[in-house]
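Asker: Could you have a look at this structure, given as structure tokens, before my questions?
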Ligand code: MF3
Ligand code: CO
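Numbering (full-length UniProt numbering), first residue to last: 1 to 289.
Written out as structure tokens, the structure is:
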């Protein structure tokens, strides 16, 4: 699409192209010709889309708050599912995981050595000392959001508490690494550095992802990697950072019966926190809070 300087900008701002994204597009073209990987335009959200995503993310966050108020020892993960399902519908929204590629529930609940995508079940009862990831995603008005938090049930062992803490620090190291016109892999490099400094490993087979108009969009966001590599990040990109940090090795296995639940191969603990980020003109905004 070749716009003239006096045409309205493609971003829907209502301004002329020459007053809006023309310099932005020139900068991307020039980076591209220098061999950098640059995002395609469909990964750059308009103001209107960002507002829609923001509203969805607010509801998603209130779902996580509701879980935080109610989660306790003795509860089944299916009870959490019912809570999330009913509350999400009461907000006029839809749980994004429900029926997603055949996934049967309204959130993922991953306990102890489960890395991600654990399925709520009436017979899975929260016990004292468990660590659990609650991963919630919402569709509101067609816009997708996704975030997750860890919860410690009762009193956990020191090593479990430390893993939960350090994995949260890893998420924030990743967020701090998001810079407009910076490199995507800076995120993973920062996370990997922090995790390995504490003797942990970073899961490689799953990563963060673009999100907003679909549940999973480009780019794939690795949580490990090298500084100075990867796609150029630009204002208007929206994606998740959701590092899965293992106490032992980063190798994983997928449950052969349910085809969803991901475990650490060595049975060690795993912990994950997730936010949704918007790259802004001067930094990064956490949409999921
Ligand atoms: N929030 C999870 C993710 O982005 C959802 C995975 S799809 C599911 O990885 F069906 F497993 F829930
Ligand atoms: Co996600």
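A virtual CB, placed ideally from N, CA and C, is assigned to each residue, including glycine.
Enumerate in chain order the residues of its own chain whose CB-to-CB distance from residue 209 is below 7 angstroms, with the five nearest sequence positions on each side excluded.
Answerer: For residue 209, where only same-chain residues beyond five positions count, the Cβ hits under 7 angstroms are 216, 217, 220, 221, 239 and 240.
Asker: Under 8 angstroms: do the segment 132-148 and the segment 225-236 share three or more Cβ pairs, one atom per stretch?
Answerer: no
Asker: Below 8 angstroms on the Cβ atoms is my contact criterion, and I expect residue 138 with residue 120 to pass it. Report the Cβ-Cβ distance as a whole number of Å.
Answerer: Contact annotation, residue 138 with residue 120: C-beta distance approximately 16 angstroms; criterion of less than 8 angstroms not satisfied.
Asker: Enumerated in chain order, which unbroken segments of the alpha helix (DSSP H) with a length of 4 residues or greater are wholly contained in the segment 115-195?
Answerer: Annotation: the segment 115-195 contains the following complete segments of the alpha helix (DSSP H) (minimum length 4 residues), in chain order: 158-176.
Asker: Give me the Cβ distance between residue 214 and residue 194, rounded to the nearest whole Å; I'm assuming they're in contact under 8 angstroms.
Answerer: Rounded, the Cβ-Cβ distance is 30 angstroms, inconsistent with contact.
Asker: Would you check if the segment 158-172 and the segment 245-258 touch, i.e. whether three or more CB-CB distances between them fall below 8 angstroms?
Answerer: yes
Asker: Using only the alpha-carbon positions, how far apart do residue 60 and residue 30 sit?
Answerer: Looking at the two C-alpha atoms, the distance is approximately 38 angstroms.
Asker: Tell me which residues share the same chain as residue 32 and place their Cβ nearer than 8 angstroms to its Cβ, disregarding the 5 neighbours each side in the sequence.
Answerer: 38
Asker: Going straight from the alpha carbon of residue 287 to that of residue 177, what length do you get?
Answerer: 16 angstroms
Asker: Report the CB separation of residue 150 from residue 132 in whole angstroms; it is logged as a contact under 8 angstroms.
Answerer: Contact between residue 150 and residue 132 holds: their C-beta atoms lie close to 7 angstroms from each other, under 8 angstroms.
Asker: Are residue 135 and residue 272 touching if we call contact CB-CB under 9 angstroms?
Answerer: Cβ atoms of residue 135 and residue 272: closer than 9 angstroms.
Asker: Could you spell out where the beta strand (DSSP E) holding residue 207 opens and where it closes?
Answerer: Per DSSP, residue 207 is not a residue of any beta strand (DSSP E), being assigned neither H nor E.
Asker: Would you mind working out which of 93, 267 and 127 sits nearest residue 56, comparing C-alpha positions?
Answerer: 93
Asker: Out of 44, 207, 264 and 148, which has the shortest C-alpha to C-alpha gap to residue 274?
Answerer: Comparing Cα positions, the closest option is 148.
Asker: Does the Cβ of residue 253 have 16 or more other Cβ atoms within 10 Å, making it buried, or fewer, making it exposed?
Answerer: With fewer than 16 Cβ atoms within 10 Å of its Cβ, residue 253 is classed as exposed.
Asker: Let me check one thing: in DSSP terms, what residues is residue 66 bridge-paired to?
Answerer: Its beta-bridge partners do not exist; DSSP assigns none.
Asker: For the beta strand (DSSP E) containing residue 217, list its first residue and its last residue.
Answerer: 217-221
Asker: Run the CB neighbour count on residue 90, radius 10 Å, all protein chains shown included, and call it buried at 16 or more, exposed below.
Answerer: exposed
Asker: Within its chain, find whatever has a CB closer than 8 angstroms to the CB of residue 72; leave out the 5 residues flanking it on each side and keep chain order.
Answerer: 126 and 153
Asker: How far does the alpha helix (DSSP H) with residue 80 in it extend, from its first residue to its last?
Answerer: 77-90
Asker: Using the Cα positions of residue 192 and residue 35, report the straight-line distance between them to the nearest angstrom.
Answerer: 26 angstroms
Asker: Specify, as a first and last residue, the run of the alpha helix (DSSP H) that residue 252 falls within.
Answerer: That residue, residue 252, is in no alpha helix (DSSP H); its beta strand (DSSP E) goes 252-254.
Asker: Could you name each continuous alpha helix (DSSP H) segment of 4 residues or more that falls completely within the segment 7-43, going from the start of the chain to the end?
Answerer: 22-33
Asker: I believe residue 117 touches residue 260 by the beta-carbon criterion, under 8 angstroms. Please report the beta-carbon distance rounded to the nearest angstrom.
Answerer: 5 angstroms
Asker: For the beta strand (DSSP E) containing residue 287, name the first residue and the last one.
Answerer: Run containing residue 287: none; DSSP gives neither H nor E here.
Asker: My understanding is that residue 88 touches residue 63, with C-beta atoms under 8 angstroms, so please give their C-beta distance in whole angstroms.
Answerer: About 6 angstroms; that satisfies the 8 angstroms criterion.
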